[in-house]
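Chains as they are written, first to last, in the numbering used here: chain E, 377 to 600; chain V, 192 to 447; chain B, 3 to 281.
As structure tokens, this is what we get:
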């Protein structure tokens with residue numbers, strides 16, 4: 377009797393990790409199109425955003441079905457609850473990628489700061505890497521690794537703080553940089569938010585592994 | 192899984208049943224596809240078992256019961272006076288709540304129906320025994336004890352041998368009347384596994400009091416109440432989004 | 003419960019090795035123990051059916067005993083009020099109010115007034131509803147009609163059956179539905195004013211509606227009684243019990259708060275059993 381359930385659970389697991397990888401790629405692409413001033417690339421991200429939302433809805437629907445039909449307990453229940461909670465976190469990460477793409481499309485500034493754009497590009501790569509790393513911890517059921525994501529997020533926060541001070545300094549020095557620098561501030565905020573979301577997923581991985589609900593993100597208040 | 196393009200193996204229309212003057216089924220319309228599991232659920236006295244038993248004319252054995260309505264089983268009218276009930280029950284087999292092996296060997300239990308049908312060829316019988324016991328997932332456990340008494344088996348094994356006895360006559364439809372309610376969870380689990388393995392090859396109708404069994408095992412669920420069919424739909428619809436309040440109340444354990 | 007968030011390193015939550023057994027250690031100052039067993043072993047002839055079954059039962063709580071057939075849970079339950087006398091050899095101590103009730107000196111019938119048992123199949127006597135309840139009392143010499151009337155009403159009310167039968171107390175108990183009969187049997191046990199109620203799969207022969215009525219009754223009763231129930235129905239254990247003990251091959255493998263057993267059991271065997279993973 378377990379066999380059908382186990383198959384469905386494995387499918388659910390696959391759909392969830394696939395969605396995680398898709399979100400990581402989308403984030404990286406969105407940041408890349410911002411630093412490359414690539415409006416076409418940003419439009420493509422907006423065009424594909426529905427895929428993430430549809431995947432979320434399909435996964436949620438499946439978890440409801442499995443709870444209603446199989447009344448899972450203990451490790452099964454924790455796995456399903458983890459997916460149900462984490463999938464909406466992934467969807468919110470997707471929303472941030474969409475926000476970045478929107479900023480790229482309506483960007484007004486003509487004068488840019490190459491050093492900050494380089495930093496943002498690196499932050500994008502870092503946060504996309506964090507998303508795929510946390511999905512890896514999910515697959516390996518690695519609660520200790522998940523905990524380490526909080527440290528990684530700390531370093532991301534510090535980068536965001538640096539972008540903030542660099543942007544503010546840039547604006548003070550050259551008023552033609554105001555449009556671009558305002559965008560940099562916002563983008564750094566989006567990336568910081570995605571970093572926080574990875575720790576939310578990490579918390580659910582700890583729950584899945586141990587049954588304990590913990591707080592990995594005690595509010596590093598470096599930025600926004 | 193239920194496939195809407197599947198053809199139906201059994202169609203029943205306006206089924207009514209009386210115990211003496213008392214009408215116990217008030218006109219049931221229900222059809223069954225040729226593969227997959229349909230669960231009949233409902234409280235005691237809802238008519239689900241009564242309906243199940245009408246499908247292979249079990250009520251013939253009792254006086255004072257009248258059955259009316261249309262029962263089209265692959266073109267055969269189940270209640271036609273010309274229908275041979277022995278032949279009918281070979282094609283529509285029934286497994287009961289209590290495992291009921293005969294006090295013979297496991298082997299003789301399985302071929303009981305074939306012997307009645309006059310099959311004597313040892314090779315044919317041997318093959319039938321192995322096939323049926325494999326289908327009912329009990330072969331590995333009993334293959335060295337085929338000539339021992341079936342009464343020595345555990346409850347769960349006896350029930351799987353009962354299923355093998357029904358399968359040996361190559362039925363098209365299996366009726367199961369609370370097949371696991373007398374068994375412990377591990378034995379129930381083995382029976383459910385067996386039924387899962389059979390569901391791609393047979394049409395099965397199972398009466399169960401266990402809502403969780405209906406939800407994990409069946410493709411379709413029919414909810415009976417007070418002799419009426421309240422709702423029938425795919426199991427996931429019934430358990431996630433039933434259309435009728437009565438169904439909703441029953442499956443979520445809100446009674447009265 | 004909302005601020006049940008832990009700020010400890012994750013490593014503290016990950017046990018190095020899953021234990022093979024886990025018996026919840028009830029701190030005695032916080033919990034009043036109604037009944038406990040020590041060194042309990044049960045033999046059928048030479049066959050050791052229960053080898054490690056030491057449990058303490060908290061007062062006014064419902065404890066479920068779960069496990070596969072042959073795991074020893076029913077053997078354990080039946081030992082608690084000496085139903086195994088003459089059937090099996092029960093070694094060890096069963097402590098009830100400071101007294102070891104598993105000794106020859108105990109008057110078993112008197113003890114069973116305190117520790118009553120309800121069986122799987124409702125077994126009302128072929129008497130009226132009223133006489134089913136008063137039978138044991140009159141045997142013991144209670145004759146006051148007024149007293150008996152009161153006990154009948156109180157027990158039937160406690161068993162949540164009064165409203166359904168109050169106008170037909172003189173009807174035969176055999177005419178009751180399965181769920182009503184089971185609640186009558188519970189009322190009959192309650193009439194003796196027991197302290198502890200043992201139930202051996204009390205609803206497995208009942209349909210879901212009757213079963214739900216019996217469950218509601220048990221939840222009502224736990225304000226006044228300590229209840230120990232053997233059940234094959236995992237959801238029933240999860241719904242109604244405060245504690246759950248999981249038996250496997252004659253041993254208690256895990257004993258803990260029900261909400262822990264069903265969300266994060268410590269022993270892999272328990273996890274498999276309650277998840278329906280029977281190997």
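Note that beta-carbon positions come from the ideal geometry of N, C-alpha and C, so glycine has one too.
Everything numeric in this text was worked out from a predicted model, so none of it was measured.
Item, Value
"Does the CB of residue 461/E have a neighbour CB from chain B at under 9 angstroms?", "no"
"Beta strand (DSSP E) containing residue 262/V: first to last residue?", "256-264"
"Just to confirm before moving on: does the CB-CB distance between residue 216/V and residue 207/V stay below 9 angstroms?", "yes"
"Looking only at its own chain, which residues have a Cβ that is under 7 angstroms from the Cβ of residue 244/V, when we skip the five neighbours before and after it?", "250"
"Applying the criterion that 16 or more other CB atoms from any shown protein chain within 10 Å of the CB defines a buried residue, is residue 309/V buried or exposed?", "exposed"
"Residue 343/V versus chain B: which residues are under 8 angstroms apart at the beta carbon?", "What residue 343/V touches in chain B: nothing, since even the nearest Cβ is about 15 angstroms away."
"With DSSP run on the structure shown, which of helix, strand or coil describes residue 224/V?", "strand"
"Determine the extent of the beta strand (DSSP E) in which residue 202/B is found, giving its start and end residues.", "198-202"
"Please list, in chain order, all residues of the same chain as residue 442/E whose beta carbon is under 8 angstroms from its beta carbon, the five residues on each side excluded.", "381, 384, 385, 388, 448 and 456"
"Can you tell me whether DSSP reads residue 59/B as helix, strand or coil?", "strand"
"Residues in the stretch 397-413 of chain V with C-beta within 9 angstroms of chain B's C-beta atoms, listed in sequence order?", "400, 401, 402, 403 and 407"
"By Cβ distance, which residues of its chain are closer than 7 angstroms to residue 405/E, with the 5 residues on each side in sequence left out?", "417 and 421"
"Just the Cα atoms here: how many angstroms apart are residue 280/B and residue 274/B?", "7 angstroms"
"Secondary structure at residue 51/B, three-state DSSP: helix, strand or coil?", "strand"
"Just confirm the distance between the C-beta atoms of residue 398/V and residue 424/V, as a whole number of angstroms; I'd bet it's less than 8 angstroms.", "Wrong, their Cβ atoms sit about 17 angstroms apart, outside the cutoff."
"Can a CB atom of chain V be found closer than 9 angstroms to the CB of residue 126/B?", "no"
"So, at 7 angstroms on beta carbons, what are the nonlocal neighbours of residue 478/V in its own chain, with the 5 sequence-adjacent residues on each side left out?", "Because chain V here runs from 192 to 447, residue 478/V falls outside it and cannot be looked at."
"State yes or no: is the beta carbon of residue 590/E nearer than 9 angstroms to at least one beta carbon in chain B?", "yes"
"By a C-beta neighbour count over all protein chains shown, 10 Å radius and 16 as the cutoff for buried, is residue 215/B buried or exposed?", "buried"
"Name, please, each residue of chain B whose Cβ falls closer than 7 angstroms to the Cβ of residue 380/V.", "278 and 280"
"Who are the neighbours of residue 444/E on chain V, taking C-beta pairs under 8 angstroms?", "406, 427, 430 and 431"
"Compare the C-beta of residue 64/B with all C-beta atoms of chain D and state if any pair is closer than 9 angstroms.", "Chain labels in this structure do not include chain D; the protein chains are E, V and B."
"At 9 angstroms on the CB atoms, spell out the chain E contacts of residue 13/B, in chain order.", "519, 520 and 523"
"Use the C-beta contact count for residue 85/B: other C-beta atoms within 10 angstroms, 16 or more gives buried, fewer gives exposed.", "buried"
"Starting from residue 441/E, find everything on chain V with Cβ-Cβ shorter than 9 angstroms and list it in chain order.", "427, 430 and 431"
"Just how far apart, CA to CA, sit residue 476/E and residue 415/E?", "11 angstroms"
"Along chain V, which residues have their Cβ under 9 angstroms away from the Cβ of residue 48/B?", "Result: empty, since nearest Cβ-Cβ is about 21 angstroms, beyond 9 angstroms."
"Going straight from the alpha carbon of residue 272/B to that of residue 248/B, what length do you get?", "7 angstroms"
"Run through chain V and tell me which residues come within less than 7 angstroms of residue 70/B, C-beta to C-beta.", "375, 376 and 377"
"Pull up the DSSP beta-bridge partners for residue 229/V, would you.", "396/V and 411/V"
"Quickly, what does DSSP pair residue 101/B with across the bridge? List them, please.", "98/B"
"Quick one: does residue 210/B have its CB under 9 angstroms from some CB of chain V?", "yes"
"Beta carbon of residue 171/B, beta carbon of residue 130/B: below 9 angstroms?", "yes"
"Tell me the DSSP bridge mates of residue 204/V?", "261/V"
"Would you call the stretch 52-66 of chain B and the stretch 111-128 of chain B in contact, with 3 or more CB pairs under 8 angstroms?", "no"
"Terminal residues of the continuous alpha helix (DSSP H) containing residue 492/E?", "490-516"
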